[in-house]
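Counting along the sequence shown from 1, when you hit position 326 you're at 326 in the numbering used here, and nothing is skipped either side. Glycine is no exception: its CB is placed at the ideal position from the N, C-alpha and C atoms.
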Amino acid sequence: MKNIITLPKTTYLIVCILIMVSCNQTSVPGTKEHIQAVTKKIDDNRLQSADDLPGDWLSYGRNYSEDRFSALNKITKFNVDSLGLAWTLNLGTTKGFEATPLVVDGIMYVSAPWSIVYAVDVRKGEIIWIFDPKVPREYGEIACCDVVNRGVALYKGLVYVGTLDGRLVAIDAATGKKAWEVLTVDQSESYTITGAPRVYDGKVIIGNGGAELGVRGYVTAYDALTGDQVWRFYTVPGNPADGFESKAMEEAAKTWTGKWWESGGGGTAWDAFAYDPELKLIYVGVGNGTLWNREVRSPQGGDNLYLSSIVAINSENGNLEWYYQTTPGDTWDYTATQHIILAELEVNNQSRKVLMQAPKNGFFYVLDRTNGKLISADPYVYTNWATSVDLETGRPIETDFSRFKEVNAQIFPGPSGGHNWQPMAFNPVTKLVYIPARDQSMIYGQPLHWEYNKDIRAGNIALGGDKNAVTRMDSLAPDEKGMLIAWDPIQKTDVWKVVHKTTWNAGVLSTEDLVFQGNAEGFLVAYDALDGTEKWQFNVGSGVIASPISYMVDDIQYITIVSGWGGVGGRFVRYTDQLYPGTIYTFALGENEDIPEYPVMTKKLIDLEVAVDIGDIEQGKLVFGQYCNRCHGSPGTGGGAYPDIAYSNKAVFNLFSQIVGEGAFLGKGMPNFGDRLDEEQIKNVKNYILSAAKDLRNDKDLDNQTNGNIH
Ligand code: CA
Numbered sequence: 001m002k003n004i005i006t007l008p009k010t011t012y013l014i015v016c017i018l019i020m021v022s023c024n025q026t027s028v029p030g031t032k033e034h035i036q037a038v039t040k041k042i043d044d045n046r047l048q049s050a051d052d053l054p055g056d057w058l059s060y061g062r063n064y065s066e067d068r069f070s071a072l073n074k075i076t077k078f079n080v081d082s083l084g085l086a087w088t089l090n091l092g093t094t095k096g097f098e099a100t101p102l103v104v105d106g107i108m109y110v111s112a113p114w115s116i117v118y119a120v121d122v123r124k125g126e127i128i129w130i131f132d133p134k135v136p137r138e139y140g141e142i143a144c145c146d147v148v149n150r151g152v153a154l155y156k157g158l159v160y161v162g163t164l165d166g167r168l169v170a171i172d173a174a175t176g177k178k179a180w181e182v183l184t185v186d187q188s189e190s191y192t193i194t195g196a197p198r199v200y201d202g203k204v205i206i207g208n209g210g211a212e213l214g215v216r217g218y219v220t221a222y223d224a225l226t227g228d229q230v231w232r233f234y235t236v237p238g239n240p241a242d243g244f245e246s247k248a249m250e251e252a253a254k255t256w257t258g259k260w261w262e263s264g265g266g267g268t269a270w271d272a273f274a275y276d277p278e279l280k281l282i283y284v285g286v287g288n289g290t291l292w293n294r295e296v297r298s299p300q301g302g303d304n305l306y307l308s309s310i311v312a313i314n315s316e317n318g319n320l321e322w323y324y325q326t327t328p329g330d331t332w333d334y335t336a337t338q339h340i341i342l343a344e345l346e347v348n349n350q351s352r353k354v355l356m357q358a359p360k361n362g363f364f365y366v367l368d369r370t371n372g373k374l375i376s377a378d379p380y381v382y383t384n385w386a387t388s389v390d391l392e393t394g395r396p397i398e399t400d401f402s403r404f405k406e407v408n409a410q411i412f413p414g415p416s417g418g419h420n421w422q423p424m425a426f427n428p429v430t431k432l433v434y435i436p437a438r439d440q441s442m443i444y445g446q447p448l449h450w451e452y453n454k455d456i457r458a459g460n461i462a463l464g465g466d467k468n469a470v471t472r473m474d475s476l477a478p479d480e481k482g483m484l485i486a487w488d489p490i491q492k493t494d495v496w497k498v499v500h501k502t503t504w505n506a507g508v509l510s511t512e513d514l515v516f517q518g519n520a521e522g523f524l525v526a527y528d529a530l531d532g533t534e535k536w537q538f539n540v541g542s543g544v545i546a547s548p549i550s551y552m553v554d555d556i557q558y559i560t561i562v563s564g565w566g567g568v569g570g571r572f573v574r575y576t577d578q579l580y581p582g583t584i585y586t587f588a589l590g591e592n593e594d595i596p597e598y599p600v601m602t603k604k605l606i607d608l609e610v611a612v613d614i615g616d617i618e619q620g621k622l623v624f625g626q627y628c629n630r631c632h633g634s635p636g637t638g639g640g641a642y643p644d645i646a647y648s649n650k651a652v653f654n655l656f657s658q659i660v661g662e663g664a665f666l667g668k669g670m671p672n673f674g675d676r677l678d679e680e681q682i683k684n685v686k687n688y689i690l691s692a693a694k695d696l697r698n699d700k701d702l703d704n705q706t707n708g709n710i711h
């Protein structure tokens, strides 16, 4: 007794902490000790058996199969009407929020625009730490589709994030301090990372994006604890004169023509991964080529492997085991990077290990994931580039206008895809896949006089379209719309469908009897999983594109969604009166917290004198189309995650040449174009915008419009 009493205070404290860590139920939730204890337990075994831990959400797609199904059943269609707001957290970010949060014992990790990571205490609704990787804002220009980040990975006390500038960073989960980082790309090229890393068998897997601007795609595996590179799998071949990295690249090169390697070829793997630990196969979705159009990319034709393919890679050595190409010789930006889900399905009275994907091209694929053989492929949205997929050859049957040789053609789906990055979900009870989908077309035409130029980066995007060519419109075209489709992968048909007002909506979560999805009008909605009946909705006031999650803390089931409008479909349009900062909304039964109030922003069309003649305005319009339109949209569209310049405030607009030509707003992500545009061009762009605003003011229909057009 005497000995214990005379122990020095610090020793006593250490003994206490050791006792708390060794039986962590007693450590205080949210403390470093608690976070260390619960995150260090996340090992390969836990990640593999995620279905046994429904209270947590430990990886991007919830489990290796990425089914985004929560087995928690306290919230059901019979009581969801009492679901209310438990807490909100304003993260103060602008731009798109695509991230799926991860949760372990009430500690939430979520990534934000510019690859910033937040640790949040769910029990308090408070931030624990913020990790900012300080991505240089110049990267805003080469991020094709907004400066988003779709999520983090967790493993043995570390949080992993891929940064927009191409780094993989491991962060101490308890302190928010960087443990290590590794550069995964050549930063002189136009690579970006927006996708979530995954951890399989002690390795962190990370891909990249940038095919729109000209890069060569690949996936890299790093040792999860040290960051040492284990293997790298290229998705497209390099210059044959330099030799091939693998047999897979040698085979792929036979399907390419011309000098594709000069622009990199593309094929970036920027989103979808899934893992079968028994087969030791990592499934990767591969994207489109550089340039989109095969006529330019590979002029003598060819399938251009492994573009628009699902590749199965051996997790030990990174070797290709099989591939399935959804769109041979892609010409439409039909990436196969969309969400991949693994499941066991009864096909013709036989249990099959399947892989399911709804890539951009509009067909829903079911593959045998042991060997890549096609089981079925059926259109889940309106498609007119191909009529069907041949089950013997696995190849699409293209229509005669699909490659728009001498015409410009309205083709479904367009480059936004029948389905994009927004995650779908598979419900093992209803056996349905819930797909956030759209009917949307684009008029494709041959790009004229395109030449790859590494130095102009964003200037490389060339959609094309010959003004003198006839445009073939589709007389059977459906209305353009977004949809939530409940797809039966066995019957190969939709079972129910909810039609949205607009095309760009949010990812999906399924519980046993409900499907949750956010939308562009700012609602989070719960639908009956069996028939699509709306059971509950909540208005957050600002567009939602991310996926909801469900998890349990101290016996309470929560639903969390992060709102933050943006992404490729939200750059220059919006469908709510206002856009709010990135905000976490967390719901539980019987709760009724107030939604946060944000200041109302109003804006008017800019009214300043147009100071150049009409010829210069036309030249300004051309420059705007090449450099500005991709983020800001045409003047007068109303603005989305990026401002509509026609609605600029006068004081800001008077800084036009400093902003465009000297980088005055680089900190906000506005590139400095001073190295590519001369004073004359900048002046012409400025006057083009003023002239467009003047035309809009003169339009009577817009006389009373003070808040931009809302589409
Ligand atoms: Ca693309």
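Q) Quick one: any contact between the segment 220-235 and the segment 176-192, if contact means 3 or more CB pairs under 8 Å? A) yes
Q: Kindly indicate the opening and closing residues of the alpha helix (DSSP H) around V612.
A: Translated into positions along the sequence shown, residue 612 becomes position 612. Careful: V612 lies outside any alpha helix (DSSP H) and carries neither H nor E.
Q.
Considering Cα atoms alone, identify which of W292, P299 and E316 is closest to L279.
A. The residue given as residue 279 occupies position 279 in the sequence shown. The residue with the shortest Cα to Cα distance from L279 is E316.
Q. Nearest CA to the CA of G125: which residue from R198, I193, G418 and T586?
A. Here residue 125 corresponds to residue number 125 of the sequence shown, with the count starting at 1. For the residues R198, I193, G418 and T586, the minimum Cα distance to G125 belongs to T586.
Q | One or two residues paired with Y324 in a DSSP bridge | A | Taking the first residue of the sequence shown as 1, we reach residue 324 at position 324. Per DSSP, I310.
Q) Taking the alpha helix (DSSP H) that S657 falls in, what are its first and last residues? A) Within the sequence shown, numbered from 1, the residue matching residue 657 stands at position 657. F656 to E662 is the extent of the alpha helix (DSSP H) around S657.
**Q.** Short Cβ contact (7 Å threshold) for G729 with D146
**A.** This structure gives no information on residue 729, because the portion of the chain shown stretches from 1 to 711.
Q. Considering K481, what are the terminal residues of the beta strand (DSSP E) in which it resides?
A. Taking the sequence shown and counting its residues from 1, the one referred to as residue 481 is at position 481. From DSSP, the beta strand (DSSP E) with K481 extends over K481 to D488.
Q.
With DSSP as the reference, identify every bridge partner of G209, one or two as the case may be.
A. By one-based count along the sequence shown, residue 209 stands at place 209. Paired residue(s): T192.
Q.
Quick check on this structure: which residue in F665, A248 and S416 has the alpha carbon closest to the alpha carbon of G140?
A. Stepping through the sequence shown from its first residue, residue 140 is reached at position 140. It is F665 whose Cα lies nearest to the Cα of G140.
Q.
Taking the alpha-carbon of W504 as reference, which of Q626, G414, I556 and Q187 has the nearest alpha-carbon?
A. Position 504 of the sequence shown, counted from the first residue, corresponds to residue 504. Taking only the C-alpha atoms, the option nearest W504 is G414.
**Q.** Top-ranked residue by Cα proximity to L47, from Y452, Q36, A37 and G61
**A.** One-based indexing of the sequence shown puts residue 47 at position 47. Measuring from the Cα of L47, the nearest candidate turns out to be G61.
Q.
Spatial neighbours of L85 within its chain, please: C-beta separation below 8 Å, excluding the five flanking residues on both sides.
A. Residue 85 sits at position 85 when you count from the first residue of the sequence shown. Result list for L85: F538, Y585, T586, F587, E591, N592, E593, D594 and I595, in chain order.
(Q) Once the 5 residues before and after K497 are set aside, which same chain residues still bring their CB inside 6 Å of it? (A) Here the question's residue 497 lines up with position 497 in the sequence shown. Taken in chain order, the residues that qualify are M483 and I485.
Q.
Taking the alpha helix (DSSP H) that Y275 belongs to, which residues open and close that run?
A. Looking up residue 275 in the sequence shown gives position 275. Where Y275 is concerned, there is no enclosing alpha helix (DSSP H), although the beta strand (DSSP E) it sits in stretches over F273 to D276.
**Q.** E521 - partner residues in DSSP beta bridges
**A.** Here residue 521 refers to the residue found at position 521 when the sequence shown is read from its first residue. Answer by DSSP bridge pairing: none, since E521 is not bridged.
(Q) So the candidates are G266, D271, V120 and A312; which of them puts its Cα closest to the Cα of L291? (A) Within the sequence shown, the letter at position 291 stands for residue 291. Nearest option by C-alpha distance: G266.
Q.
Which residues neighbour ligand 1 when neighbourhood means a C-beta less than 5 Å away from any of its non-hydrogen atoms? List them by chain order.
A. N288 and D333
Q: Using the Cα positions of D276 and W114, report the straight-line distance between them to the nearest angstrom.
A: As a working note, residue 276 is residue 276 in the sequence shown. As a working note, residue 114 is residue 114 in the sequence shown. When rounded, the distance between both Cα atoms is 31 Å.
(Q) How far does the beta strand (DSSP E) with L589 in it extend, from its first residue to its last? (A) Sequence index remark: in the sequence shown, residue 589 carries index 589 (1-based). Start and end: T583 to L589.
Q | Chain-order list of residues whose beta-carbon lies under 8 Å from that of D390 (same chain, five-residue window excluded) | A | Reading the sequence shown from its first residue, position 390 is the one you call residue 390. Excluding sequence neighbours, D390 sits near P396 and I397.
Q. Where DSSP assigns a beta bridge to G84, which residues make up the other side?
A. In the sequence shown, counting from the first residue as 1, residue 84 sits at position 84. In DSSP, G84 forms a bridge with A588.
Q.
Suppose you measure from the CA of V354 to the CA of G570; what does that come to, to the nearest Å?
A. On the sequence shown, position 354 is the one that residue 354 refers to. On the sequence shown, position 570 is the one that residue 570 refers to. Approximately 33 Å, taken between the alpha carbons.
Q) Among I682, A693 and Q446, which one has its Cα closest to the Cα of I606? A) One-based indexing of the sequence shown puts residue 606 at position 606. Out of I682, A693 and Q446, A693 has the C-alpha closest to the C-alpha of I606.
Q. Touch check for the segment 400-419 and the segment 429-438: three-plus C-beta pairs under 8 Å?
A. yes
Q: Could you tell me which of T192, E609 and V540 sits nearest to R167, measuring between CA atoms?
A: Mapped onto the sequence shown, residue 167 falls at position 167. For R167, the nearest C-alpha among the options comes from T192.
Q | Sequence-distant residues of its chain with Cβ nearer than 6 Å to L524 (five each side left out) | A | Taking the first residue of the sequence shown as 1, we reach residue 524 at position 524. Cβ within range, chain order: G518, F538 and I561.
(Q) Our contact map puts L514 next to D528 with C-beta atoms below 8 Å; I'd like the distance itself, whole angstroms only. (A) Counted from its first residue, the sequence shown places residue 514 at position 514. Counted from its first residue, the sequence shown places residue 528 at position 528. Between D528 and L514 the Cβ distance is about 7 Å, and since that is below 8 Å, they are a contact.
Q. Can you tell me whether DSSP reads D678 as helix, strand or coil?
A. By 1-based counting over the sequence shown, the position of residue 678 is 678. Here D678 sits in coil by DSSP.
Q.
What does the Cβ neighbour count give for I614, buried or exposed, with the cut at 16 atoms within 10 Å?
A. Against the sequence shown, residue 614 aligns to sequence position 614. Label assigned to I614: exposed.
**Q.** the segment 303-323 / the segment 371-381 touching (three or more Cβ pairs under 8 Å)
**A.** yes
Q: Would you mind giving the Cβ-Cβ distance between I545 and G238, rounded to the nearest angstrom? I have them listed as a contact below 8 Å.
A: Against the sequence shown, residue 545 aligns to sequence position 545. Against the sequence shown, residue 238 aligns to sequence position 238. Actually they do not touch by this definition, with Cβ atoms about 35 Å apart.
Q: Report the option in V652, K621, F673 and A312 whose CA atom is closest to the CA atom of N721.
A: As displayed, the chain neither begins before 1 nor continues past 711, which places residue 721 out of reach and without an answer.
Q) At a cut-off of 6 Å, is D368 close to ligand 3 when judged by its beta-carbon and the heavy atoms of the ligand? A) Absence of ligand 3 from the depicted structure is noted, with ligand 1 being the only ligands included.
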